[in-house]
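Asks:
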Amino acid sequence: MNNEKLIELRSVSKSFDCEQVLRSIDLDIHKEEFITLLGPSGCGKTTTLRIIGGFVSPDEGDVIFDGKRINDMPPHKRPINTVFQRYALFPHLNVFENIAFGLRLKKTPEKEIRSRVKEMLKMVNLKGFERRSVNNLSGGQQQRVAIARALINKPEILLLDEPLGALDLKLRKDMQVELKRMQRQTGITFIYVTHDQEEALSMSDTVVVMAEGRIQQIGTPEKIYNEPVNAFVADFIGESNIVSGIMLEDYMVSFAGQKFKCEDKGFEKNEPVDVVVRPEDIDIVPVSESMLTGKVTSVTFKGDYYEIIVDIDNFKWMIETTDRVAVGATIGISIDPYEIQVMKKSEFSGKYGDYSSFSDELEHLSELPEEEK
15 MNNEKLIELR
25 SVSKSFDCEQ
35 VLRSIDLDIH
45 KEEFITLLGP
55 SGCGKTTTLR
65 IIGGFVSPDE
75 GDVIFDGKRI
85 NDMPPHKRPI
95 NTVFQRYALF
105 PHLNVFENIA
115 FGLRLKKTPE
125 KEIRSRVKEM
135 LKMVNLKGFE
145 RRSVNNLSGG
155 QQQRVAIARA
165 LINKPEILLL
175 DEPLGALDLK
185 LRKDMQVELK
195 RMQRQTGITF
205 IYVTHDQEEA
215 LSMSDTVVVM
225 AEGRIQQIGT
235 PEKIYNEPVN
245 AFVADFIGES
255 NIVSGIMLED
265 YMVSFAGQKF
275 KCEDKGFEKN
285 EPVDVVVRPE
295 DIDIVPVSES
305 MLTGKVTSVT
315 FKGDYYEIIV
325 DIDNFKWMIE
335 TTDRVAVGAT
345 IGISIDPYEI
355 QVMKKSEFSG
365 KYGDYSSFSD
375 ELEHLSELPE
385 EEK
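As numbered in the working numbering, residues 15 to 387 make up the sequence shown, in order.
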């Protein structure tokens, strides 16, 4: 990834029908970067993408490309192509002509068209499909044609708006690998929109987590997962136990009625905080050796691990473990200092991280008559 800025968003805001969708966001996107805008429906990620593409104008703020303000530049004049979830291929054209379409508009010489289409077909693993009707392709093959059609014009930026959403799980995973390979091979900046956390973590150089029209956190996938800045990010990126705590002093936090060593510092003495512990980072130990004890309320087999819900002082924790335990058993747990992540309190505090509703839903479902499930 290049450290040179390509796109800058400065204090960008946008409203639709009096509802504010983006709230003064700032974002830098670098050359050759694979950056993903991640968040739930309605968080503003697609609007951000459309503002970058020129399909939507911001109410306030600036869009800067290579140091120049481009707010008023129409989409077709921006060095940007877009791949949507609906591939919008031309049904009357075959694979070759779909991919060649942009070059024909530019009146590119036929010899160059043939050479570049051949190159693209090889890149997207569709060699030999030149004369195939796009109507006879699978969803994954159609998506590859759409990507080839976008890449053949050699844009500086490719926008991808949930392009894998229509594919089945295995094909999605295959295409995640393919997209990452293509981005590395071409050096084009990819700006990707998804609500799928696993997709964002596995593909991106940089993840931008959004909620309620604001950017909550920007960082590498590892940073976002291991060091979330607030309860929303911790909950949205994977499973998380999030409890209220008190930062007693540097490297010492109190929660669930106990004191724990941690690796965080820089908080006020006795500052109220949120504490996140990932389910896979909790060890089950004999009660006599435990930091905390609780009663197991549910056990779900997940193939290579068990998902356990345990009640500790009326707070339901999730644990992912290869140890099999029985429902109703009292177990002890241990947490290493480096597995405890301390976060500032935020407007999301208290909204996430307790699996009581998870357990209650399971219990409620188990009580329903069979025809209501």
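Cβ atoms here follow ideal geometry from the backbone N, Cα and C, with glycine treated the same way.
Give me the DSSP bridge partner(s) of V324.
Replies: Paired residues: V310 and W331.
Asks: Name the residue from A164, E33 and E74 whose alpha carbon lies nearest to the alpha carbon of R24.
Replies: The candidate whose alpha carbon is nearest that of R24 is E74.
Asks: Quick one: is Q197 buried, meaning 16 or more other Cβ sit within 10 Å of its Cβ, or exposed?
Replies: The residue in question, Q197, is buried, as its Cβ has 16 or more Cβ neighbours within 10 Å.
Asks: In the DSSP assignment, find the beta strand (DSSP E) that holds A466 and state where it starts and stops.
Replies: Given a span of 15 to 387 for the chain in the structure shown, any question on residue 466 remains unanswerable.
Asks: At which residues does the alpha helix (DSSP H) containing R195 begin and terminate?
Replies: Taken as a continuous stretch (DSSP letters only), the alpha helix (DSSP H) holding R195 covers L183 to T200.
Asks: Using three-state DSSP, classify P88 as helix, strand or coil.
Replies: Three-state result, P88: coil.
Asks: Sort D42, R92 and V222 by Cα distance to C57 and report the nearest one.
Replies: C57 has its Cα closest to that of V222, out of D42, R92 and V222.
Asks: Along the chain, where does the alpha helix (DSSP H) that runs through S129 open and close?
Replies: E124 to M137 is the span of the alpha helix (DSSP H), which, as asked, contains S129.
Asks: How would you call T204, buried or exposed, if buried means at least 16 neighbouring beta carbons within 10 angstroms?
Replies: Residue identity check: residue 204 is Phe in the sequence provided, not Thr. F204 should be labelled buried.
Asks: Helix, strand or coil for M217 per DSSP?
Replies: Looking at M217 - three-state DSSP - the assignment turns out to be helix.
Asks: Closest by CA to N85, which one among N95, S147 and E22?
Replies: Closest by alpha carbon: E22.
Asks: Would you check if the distance between the CB atom of M357 and the CB atom of V287 is smaller than 8 Å?
Replies: Taking 8 Å as the Cβ cut-off, M357 and V287 qualify as a contacting pair.
Asks: Helix, strand or coil: how does DSSP classify F104 here?
Replies: Looking at F104 - three-state DSSP - the assignment turns out to be coil, as it is neither helix nor strand.
Asks: Tell me, please, which residues DSSP counts as bridged to P286.
Replies: The partner list for P286 (beta bridge, DSSP) reads I260.
Asks: Along the chain, where does the beta strand (DSSP E) containing F79 start, and where does it finish?
Replies: It spans E74 to F79 - the beta strand (DSSP E) in which F79 sits, taken as one unbroken run.
Asks: Could you tell me the distance, in whole angstroms, from the CA atom of F281 to the CA atom of P235?
Replies: Cα to Cα, the separation comes out at about 25 Å.
Asks: Have a look at the DSSP bridge pairing and note the partners of D42.
Replies: DSSP lists E22 as partners of D42.
Asks: Report yes if the CB atom of D325 is closer than 8 Å to the CB atom of T335, and no otherwise.
Replies: Not in contact: D325 and T335 (Cβ atoms no closer than 8 Å).
Asks: Roughly how many whole angstroms lie between the Cα atoms of K330 and V109?
Replies: Taking the straight line joining both Cα atoms gives about 53 Å.
Asks: Consult DSSP for D249 and reduce its assignment to one of helix, strand or coil.
Replies: In this structure, D249 counts as helix in the three-state DSSP scheme.
Asks: Run through DSSP, which three-state label would R228 get?
Replies: Note: R228 maps to strand in three-state DSSP.
Asks: With DSSP run on the structure shown, which of helix, strand or coil describes Y265?
Replies: If DSSP states are grouped into helix, strand and coil, Y265 belongs with coil.
Asks: With a Cβ-Cβ cutoff of 8 Å, do A162 and I94 count as a contact?
Replies: Cβ distance not < 8 Å, so A162 and I94 don't count as in contact.
Asks: Tell me, please, whether the segment 23-40 touches the segment 158-174 by the rule of three or more beta-carbon pairs shorter than 8 Å.
Replies: Verdict: no, contact absent.
Asks: Under three-state DSSP, which class holds L173?
Replies: Note: L173 maps to strand in three-state DSSP.
Asks: Helix, strand or coil, according to DSSP, for E386 in the structure here?
Replies: Residue confidence for E386 is low, a pLDDT of 46 falling below 50, so the modelled location carries little weight and cannot support an answer.
Asks: How long is the line joining the alpha carbons of G271 and A214, rounded to whole angstroms?
Replies: If you take the alpha carbons of G271 and A214, they lie about 36 Å apart.
Asks: Look at the alpha carbon of V138 and the alpha carbon of E192, and state the distance between them as a whole number of angstroms.
Replies: When rounded, the distance between both Cα atoms is 8 Å.
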